[in-house]
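Working notes, structure below.
Number of protein chains: 2
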Amino acid sequence: MSAKINHIAIVVEDIERALAVYRDVIGLPLEHIAEEPAEEVRIAFLPTSSGEIELIQPTTADSGVAKFLAKRGEGLHHICMEVEDIDATVAEMASRGLEILGQPRHNERGEKYVFIHPKSAHGVLLELYERPG
Amino acid sequence: MSAKINHIAIVVEDIERALAVYRDVIGLPLEHIAEEPAEEVRIAFLPTSSGEIELIQPTTADSGVAKFLAKRGEGLHHICMEVEDIDATVAEMASRGLEILGQPRHNERGEKYVFIHPKSAHGVLLELYERPG
Numbered sequence: 001m002s003a004k005i006n007h008i009a010i011v012v013e014d015i016e017r018a019l020a021v022y023r024d025v026i027g028l029p030l031e032h033i034a035e036e037p038a039e040e041v042r043i044a045f046l047p048t049s050s051g052e053i054e055l056i057q058p059t060t061a062d063s064g065v066a067k068f069l070a071k072r073g074e075g076l077h078h079i080c081m082e083v084e085d086i087d088a089t090v091a092e093m094a095s096r097g098l099e100i101l102g103q104p105r106h107n108e109r110g111e112k113y114v115f116i117h118p119k120s121a122h123g124v125l126l127e128l129y130e131r132p133g
Numbered sequence: 001m002s003a004k005i006n007h008i009a010i011v012v013e014d015i016e017r018a019l020a021v022y023r024d025v026i027g028l029p030l031e032h033i034a035e036e037p038a039e040e041v042r043i044a045f046l047p048t049s050s051g052e053i054e055l056i057q058p059t060t061a062d063s064g065v066a067k068f069l070a071k072r073g074e075g076l077h078h079i080c081m082e083v084e085d086i087d088a089t090v091a092e093m094a095s096r097g098l099e100i101l102g103q104p105r106h107n108e109r110g111e112k113y114v115f116i117h118p119k120s121a122h123g124v125l126l127e128l129y130e131r132p133g
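Set out below in structure tokens:
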């Protein structure tokens with residue numbers, strides 16, 4: 001598995017209010033904001049020279065992200081590591097006892113991703129993302 | 001403020017057990033493990049091409065990290081952004097209403113860092129770190 005962080009996701013109540021801190025005070029650049037219907041969220045993409053910060057806001061009340069927000073409040077949600085071959089990585093991890101949340105699936109840009117259960121990664125919701133070849 | 005993630009910190013009960021996942025299954029390289037007495041933690045440094053993953057384990061029962069672990073369990077603890085001039089950045093942030101946790105101080109390597117209160121960053125404990133010039 002290649003060792004590269006693709007992004008860090010922060011769940012927020014309202015992207016525009018969070019941008020008032022992350023963009024306007026901390027100074028991160030806002031690339032764009034997009035809907036991700038498969039995850040029932042809006043995402044603000046703030047690139048840095050070492051991976052993106054993503055601000056994610058639930059668009060429905062009963063998604064996994066919405067439930068996380070209701071239970072734990074705003075804050076760090078997951079980290080995403082890039083992998084070269086997501087199917088091979090997932091097969092290897094599953095064989096070593098990590099709990100994979102479903103099968104690798106495609107985001108709005110057609111890229112493959114999957115999540116690892118926090119109980120398999122010391123409390124961290126871990127996303128794997130296959131860099132387009 | 002420069003936009004670069006220096007590291008992501010994950011609080012764990014036991015560094016060696018966490019390495020069995022993060023190093024041995026996920027495949028991150030372990031650079032070294034060091035004590036950080038000022039924060040009452042041991043830290044395992046796992047560098048990637050886009051910032052480090054740090055596994056932090058409390059070494060006392062009543063530090064901020066130990067209390068976090070007792071209250072919330074293992075998981076994502078903070079993210080650290082690099083800045084060029086930490087004193088200037090902190091002065092600017094304080095003037096814009098962000099709550100700074102104390103004054104910039106030095107770690108074991110003599111580098112300056114400071115934390116921003118999570119309530120000022122939408123639930124994220126944010127560390128600022130001054131890159132040695």
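First to last, the sequence lines map onto chains A and B.
The numbering of the first sequence is my numbering, which starts it at 1 and goes up by one.
The numbering of the second sequence is my numbering, which starts it at 1 and goes up by one.
A virtual CB, placed ideally from N, CA and C, is assigned to each residue, including glycine.
- Secondary structure note for threonine 89 (chain A): its alpha helix (DSSP H) is the uninterrupted segment 86-95.
- Collapsing the DSSP output to three states places valine 41 (chain A) in a strand.
- Glycine 64 (chain B) is outside the set of residues whose beta carbon lies under 8 Å from a beta carbon in chain A.
- Between the stretch 60-76 of chain B and the stretch 85-95 of chain B, the count of C-beta pairs closer than 8 Å stays below three; the two stretches do not touch.
- Nearest neighbour of leucine 46 (chain A) by Cα position, chosen from A:Val65, A:Arg109, A:Glu39 and A:Tyr22, turns out to be A:Tyr22.
- Considering only beta carbons, the part of the stretch 84-117 of chain B lying closer than 7 Å to chain A consists of Met93, Arg96 and Leu98, in chain order.
- Under the DSSP assignment, arginine 105 (chain A) falls in the beta strand (DSSP E) whose first and last residues are 100-106.
- Taking the C-beta atoms as reference points, histidine 77 (chain B) is found no nearer than 8 Å to valine 12 (chain A).
- In the structure shown, the three-state DSSP call for lysine 4 (chain B) is coil.
- In the three-state DSSP reduction, glutamate 16 (chain A) falls in the helix class (H, G or I).
- In summary, glutamine 57 (chain A) is buried, with 16 or more beta-carbon neighbours lying within 10 Å of its beta-carbon over all protein chains present.
- At least one C-beta of chain B is nearer than 8 Å to the C-beta of leucine 76 (chain A).
- Considering only A:Gly75, A:Ser95, A:Val65 and A:Ala61, the residue with the shortest C-alpha distance to isoleucine 53 (chain A) is A:Gly75.
- Shown here, leucine 125 (chain A) sits in coil according to DSSP, grouped into three states, outside any helix or strand.
- Spatial neighbours of alanine 66 (chain B) in its own chain (CB-CB distance under 8 Å, excluding positions within 5 residues in sequence) are listed in chain order as Glu40, Pro58 and Thr60.
- The bridge partners DSSP lists for isoleucine 33 (chain A) are A:Ala44.
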